[in-house]
Amino acid sequence: MPDAAEPETAELRENREQQVERLAHRFAFERRTFFRLLGNGVLVGLAAGGAPAQESGRRRFFERHPLPRAISAWLHIAPTGRVTVYTGKVEVGQNIRTSLAQQVAEELHVEMGSIRMIMGDTLLTPFDMGTFGSRTTPTMGPRLRRVAASARDILTGLAARRWKTPRAGLVAENGKIRNPRTGASLSYGELTEGRKIARTIEDDPALTPAAEWRIAGHAAPKVHGRRFVTGEHRYTPDLALPGMLTGKVVRPSAFHARLVECDASRAHAMPGVRVVRDGDFVGVAAPDMATAARAAAAVRARWQAPRQISSRELYAWLRRTARHEEGRFAHTSGTPPAADAPGLKRLQASYEIAYIAHAPLEPRAALAEWKGQRLTVWTGTQRPFGVQQELAAAFHLPLEHVHVIMPDTGGAYGGKHTGEAAVEAARLARAAGRPVKLIWTREEEFTWAYFRPAGVIDIAAAVDAQGHIAAWEYDNYNSGPAAIGSPYRSRYSRIEFHPCDPPLRQGSYRSLAACANHFARESHMHDLAVLAGQDPLEFRLKNIPDPRLRAALRRAAARFGWAARRRLPGRRGFGLAGGFEKGGYVATCAEVEISGRELRVTRVVEAFDCGAVVNPNGLRNQIEGAIVMGLGGALREDIEFDNGRILNPRFSQYKVPRFADLPEIEVALIDRKNERSFGAGETPIVGIAPAIANAICDATGRRLRSLPMLRLGRLPA
Amino acid sequence: MRLLVNGKAHELEAAPDELLLWVLRDKIGLTGTKFGCGEGECGACTVLVNGRPVRSCQVPAAAAAGKPITTIEGLERNGRLHPVQAAFLRHEAFQCAYCASGMIMSAAGLLARNPKPSERQIRAAMNGNLCRCGTYSRILKAVRAAALASRKRA
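So the protein sequences, as listed, match chains E and F. Position 217 of the first sequence, counted from 1, bears residue number 217 in this note's numbering, the numbering being contiguous throughout. Remember, this note's numbering sits 717 above the position in the second sequence when you count from 1.
1. Tell me whether the stretch 637 to 646 of chain E and the stretch 514 to 524 of chain E touch, counting them as touching only if at least three CB pairs, one residue from each stretch, are closer than 8 Å.
2. Could you work out which residue in F/C774, F/A829, F/A781 is closest to F/P800 when comparing CA atoms only?
3. Can you give the Cα-Cα distance for E/Y585 and E/V104, rounded to whole angstroms?
4. Work out the CA separation of E/A551 and E/N543 for me, nearest whole Å.
5. Determine the chain E residues that contact F/R855 at a beta-carbon separation under 8 Å, and present them in chain order.
6. Name the two residues that bound the continuous alpha helix (DSSP H) containing E/D535.
7. Can you pull the chain E neighbours of F/Q802, defined as C-beta to C-beta under 9 Å?
8. Using C-beta distances below 6 Å, list every residue in its chain close to E/R597, excluding the 5 sequence neighbours before and after it, in chain order.
9. Relative to the C-alpha of E/Q348, which candidate in E/I115, E/I459, E/A432 has its C-alpha closest?
10. Quick one, are the C-beta atoms of E/R274 and E/A421 less than 9 Å apart?
11. Since F/S818 meets chain E, which of its residues come closer than 7 Å, beta carbon to beta carbon?
12. Assign F/L729 to one of two classes, buried (16 or more other C-beta atoms within 10 Å of its C-beta) or exposed (fewer than that).
13. By Cβ distance below 6 Å, which residues in the same chain neighbour F/A804 in space, the five residues on each side in sequence not counted?
14. At the level of alpha carbons, what is the spacing between E/P242 and E/R600?
15. Taking Cβ-Cβ distances below 7 Å as the criterion, which residues of the stretch 835 to 849 of chain F are in contact with chain A?
16. Need the endpoints of the beta strand (DSSP E) that E/Q348 sits in, please.
17. Comparing alpha-carbon positions, which option in E/H331, E/P79, E/R135, E/A368 lies nearest E/A240?
18. Under 8 Å between beta-carbons, which chain F residues line up against E/T683? List them in chain order, please.
19. Let me confirm a value: E/K582 is counted as buried when at least 16 other C-beta atoms fall within 10 Å, else exposed. Which label applies?
20. Buried or exposed, going by whether 16 or more other CB atoms sit within 10 Å of the CB of E/V605?
21. Opposite E/F574 in the DSSP bridges: which residues?
22. What do you reckon, are the CB atoms on E/A148 and E/E190 nearer than 9 Å?
23. Express the C-alpha separation of E/F519 and E/C500 in angstroms, rounding to a whole number.
24. Report yes or no: is there a C-beta of chain E within less than 9 Å of the C-beta of F/G768?
25. Helix, strand or coil for E/A28 per DSSP?
26. Given 8 Å as the limit, tell me if E/A551 has its C-beta closer than that to any heavy atom belonging to the ligand NAP.
27. Considering only C-alpha positions, which residue in the set F/D743, F/G749, F/A726, F/T852 is nearest to F/A810?
28. With the cut-off set at 9 Å, would you say F/R719 and F/A782 are in Cβ contact?
29. Can you tell me which of the three DSSP states F/K751 falls into?
30. Just tell me which of E/H218, E/R162, E/H233, E/V628 has its CA closest to the CA of E/P663.
31. Under the three-state reduction of DSSP, which class applies to E/I154: helix, strand or coil?
32. Would you decide whether E/T376 is buried or exposed? Buried here means 16 or more other CB atoms lie within 10 Å of its CB.
33. I'd like to check one pair, E/G157 with E/S99: are the Cβ atoms closer than 9 Å?
34. Under the DSSP definition of a beta bridge, which residues are partnered with E/A365?
35. Do E/S511 and E/G414 have their beta-carbon atoms positioned less than 9 Å apart in this structure?
36. With distances taken between CB atoms, is the gap from F/C762 to E/G411 smaller than 9 Å?
This is the structure we're talking about:
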């Protein structure tokens, strides 16, 4: 094919031929370089999983040894007293930069201001799988607390030796070790004496109980908050390098399309424009955004795509392609009641959950720079180490030649696990021989990112005359198994998840399938309560054995005024939903007002229990935000697609919640000092959709079983 | 063309189809103004032109030439935050904060022309700005607080 972009294919071939074999064991060498650069002070590391370093059961210095690879977090105290914490977790607005710093400050007995968090940098921070699953608070939090407590212990030991006094009785406070007997005190920085002391943690240090927390457990403002109200913070799209070009990808006509023909001669002729064609990838690099857009538009590409299904056929398609996987996703207990069992009332229904998009306000973006065979990429991702692997595989590089840096990023919600923009920017930068920055358009983000899985859920249930659940049969098609287990007692239950052939690229989304499973389950529970002639709250309290979930329901109901609610038939209704997932207990009450086909959610009260609260300020913000985000999936958000194309890839067509949709929101935190702290980024989203559906049913008697519930912004006719 | 940004004149070359957003970000280096959607639907790119909120992703730079333009970087006065910035910070009216620049500019534009907005007016003025983290309640609180603080200061 005589095409201006042809030489690029040869370039990639050359690249392949020159590929370097992976040398995974050199990782330790890279880490050592880092520690040389780190300078003097005390460095404490924690073995992955929190277990003592496997190389040795005893405390040891490791300057003479290769650094253990399986380190999950580091803490460094410089002679200036500056504390630096290294963790592979990343900040996407869930505010862990703040809550993790609080926990370090708590155990190290220093002020928040003296701590600097280095996060999500594949060179500087220890390996981390990624920031997802609400795992930061229950896992990284305690790890950093252990590291900090051990550092405090080491510093106490240094002071004891220096003063030739027993360590018992020495007090660590405000970044100093003090001897109350003599009145002497030395700052942490002074205690390092300019030496380099590096240790891994040997055993579990005693941690401060949550009830005694002075910094953690209290409201803390967002770290670097000022930078975000002044525009000073640099997100990935804001970064720049000298000589940098702007990248743009020429997208296929449809999903799974192959490039048949490509004439890039017009784009190639534009001054300063570089065109890359490699397999089915076509992209341009240009001096600025406008030129990049013009050049990409000037590429004449012909694509061939297979016939694909449309959103109208979605649910039938999922049922048709469903698989039964014995054992893995199926669970049965008890025996089914006889078909003619007396006194049983049965209810069978199907629920539908549409595909929705994360639509983070910061679209996928990356800045890539090559130095010889070494690649550095800045990108907003929940898995910097995953993106590092993606890049290493794409360009046949040894892992340690790829450095991924994650600036605090503008939203992710489970949608930024992958490194598409990173790979694209790196491919263009490789061809252009200059750094390339690439920012996805909103249409690209709505089309070429992945979606929350659509699903169908069938439930067949029965209640007995006393209002106990006698049977619970539950089949989830494609949504996923998260929170598929019911917190309700049932004499018989069969619960099954059926994987299907998804018509769209799908992946994780805030709470995964817990949204879908709670929508179906909690809608069904409301109807079972009505069938049993019981109040929806009483019915739940009777059938839920877990006292913490019952407490959350009671708390939300009390704050909401559930007992005093006054429904107006056809016009005002009240709904309740509750659940448990990822260590968090949630209960949500909603009030709706209806006028003809117009719906307004007027008030939402949510109680949430995730154990000992680390930062009540950040936690409230997360819960309020989850309610608002959940409102979108409940009412309006719906990815429409046909034949491999997304039909509504714009905010003018895909309606996310706005100020006009905002209900009055009240949050009731249940702070359990004696319980382990769990994350809160996900579970607070699961209650809102069923609470609204139940409120609509309460007002109108009509059960809406398909998400989103509104059609063109109104209740279905 | 000559752009007057935050009280400073910039002489630069820009093609007729170059949007104010990208000229501000890429040619002047003011990256506080964000790209969010490119169709004027999310408000992340909001700046003030002649004191009025404008979606800079919808305006060719040429159309703003010669007019006073204020971006998020131009709100501070002698190291003191604008009342809207201060209120956003105090109420922590953000999570990922990618929307914050646009939110603050929309609110600053509103208060400049209407120092005593009603609740309805605040919601109407802010409705073109999206926050995907869902911090709307806090943003409303911050805008109310900023209005009060501005009036007290005035």
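Positions of the beta carbon are idealized from the N, C-alpha and C atoms, including for glycine.
To lay it out plainly:
1. no
2. Translated into the one-based positions of the second sequence, residue 800 of chain F becomes position 83. When each option's Cα is compared against that of F/P800, the closest is F/A829.
3. Translated into positions along the first sequence, residue 585 of chain E becomes position 585. Translated into positions along the first sequence, residue 104 of chain E becomes position 104. E/Y585 and E/V104: Cα-Cα distance of roughly 26 Å.
4. Counted from its first residue, the first sequence places residue 543 of chain E at position 543. Counted from its first residue, the first sequence places residue 551 of chain E at position 551. Going from the Cα of E/N543 to the Cα of E/A551 covers about 13 Å.
5. As a working note, residue 855 of chain F is residue 138 in the second sequence. Correct list: N621, E624.
6. As a first step, residue 535 of chain E is located in the first sequence; it is residue number 535 there, counting from the start. No alpha helix (DSSP H) holds E/D535; DSSP gives it neither H nor E.
7. Looking up residue 802 of chain F in the second sequence gives position 85. The contacting residues are R226, V229, T230.
8. Counting from one through the first sequence, the residue named residue 597 of chain E turns up at place 597. Counting only Cβ-Cβ distances below 6 Å, and skipping sequence neighbours, we find R714, L715.
9. If you number the first sequence from 1, residue 348 of chain E lands on position 348. E/Q348 has its Cα closest to that of E/I459, out of E/I115, E/I459, E/A432.
10. Translated into positions along the first sequence, residue 274 of chain E becomes position 274. Translated into positions along the first sequence, residue 421 of chain E becomes position 421. No, the Cβ-Cβ distance between E/R274 and E/A421 is not below 9 Å.
11. Working through the second sequence from its first residue, we reach residue 818 of chain F at position 101. G231, listed in chain order.
12. As a first step, residue 729 of chain F must be located in the second sequence, where it is residue number 12. Exposed, by the Cβ-count rule.
13. Counting from one through the second sequence, the residue named residue 804 of chain F turns up at place 87. Closer than 6 Å at Cβ, skipping near neighbours: A859, A862, A863.
14. Counting from one through the first sequence, the residue named residue 242 of chain E turns up at place 242. Counting from one through the first sequence, the residue named residue 600 of chain E turns up at place 600. Whole-angstrom Cα-Cα distance: 51 Å.
15. In summary, chain A is missing from the structure at hand, where the protein chains are E and F.
16. For this step, residue 348 of chain E is matched to residue 348 along the first sequence. Counting along the chain, the beta strand (DSSP E) containing E/Q348 begins and ends at 345 to 353.
17. The residue given as residue 240 of chain E occupies position 240 in the first sequence. When each option's Cα is compared against that of E/A240, the closest is E/A368.
18. In the first sequence, the residue the question calls residue 683 of chain E occupies position 683. Chain F residues near E/T683: none, gap ~15 Å exceeds 8 Å.
19. If you number the first sequence from 1, residue 582 of chain E lands on position 582. Per the 10 Å Cβ criterion, buried.
20. Taking the first residue of the first sequence as position 1, residue 605 of chain E is located at position 605. Buried is the call here.
21. What you label residue 574 of chain E is simply residue 574 of the first sequence in a count that begins at 1. BP columns for E/F574 point to E/E591.
22. As a position in the first sequence, residue 148 of chain E is number 148, starting the count at 1. As a position in the first sequence, residue 190 of chain E is number 190, starting the count at 1. Their beta carbons are not under 9 Å apart, which means E/A148 does not touch E/E190 by this criterion.
23. As a working note, residue 500 of chain E is residue 500 in the first sequence. As a working note, residue 519 of chain E is residue 519 in the first sequence. Using only the alpha carbons, I get a separation of about 20 Å.
24. As a working note, residue 768 of chain F is residue 51 in the second sequence. Closer than 9 Å: no.
25. Locating residue 28 of chain E in the first sequence gives position 28, counting from the first residue. Any answer about E/A28 is weak, because its pLDDT of 40 lies below 50 and its placement is not dependable; what the coordinates show is given next. Residue state, collapsed to three classes: helix.
26. The ligand NAP is not part of the structure shown, which contains no ligands of any sort.
27. Within the second sequence, the letter at position 93 stands for residue 810 of chain F. Looking at the Cα atoms, F/T852 is the closest of the given residues.
28. Residue 719 of chain F sits at position 2 when you count from the first residue of the second sequence. Residue 782 of chain F sits at position 65 when you count from the first residue of the second sequence. In contact: F/R719 and F/A782 (Cβ atoms closer than 9 Å).
29. For the purposes of this step, residue 751 of chain F is identified with residue 34 of the second sequence, where counting begins at 1. It is coil, neither helix nor strand.
30. If you number the first sequence from 1, residue 663 of chain E lands on position 663. When each option's Cα is compared against that of E/P663, the closest is E/V628.
31. Position 154 of the first sequence holds residue 154 of chain E. Helix, per DSSP.
32. By one-based count along the first sequence, residue 376 of chain E stands at place 376. When all chains shown are included, E/T376 counts as buried.
33. Here residue 99 of chain E refers to the residue found at position 99 when the first sequence is read from its first residue. Here residue 157 of chain E refers to the residue found at position 157 when the first sequence is read from its first residue. Not a contact, by the Cβ cut-off of 9 Å.
34. Here the question's residue 365 of chain E lines up with position 365 in the first sequence. Partner(s): E/I439.
35. Locating residue 414 of chain E in the first sequence gives position 414, where the first residue counts as 1. Locating residue 511 of chain E in the first sequence gives position 511, where the first residue counts as 1. Result yes, Cβ atoms of E/G414 and E/S511 sit closer than 9 Å.
36. Position 45 of the second sequence holds residue 762 of chain F. Position 411 of the first sequence holds residue 411 of chain E. Contact: no.
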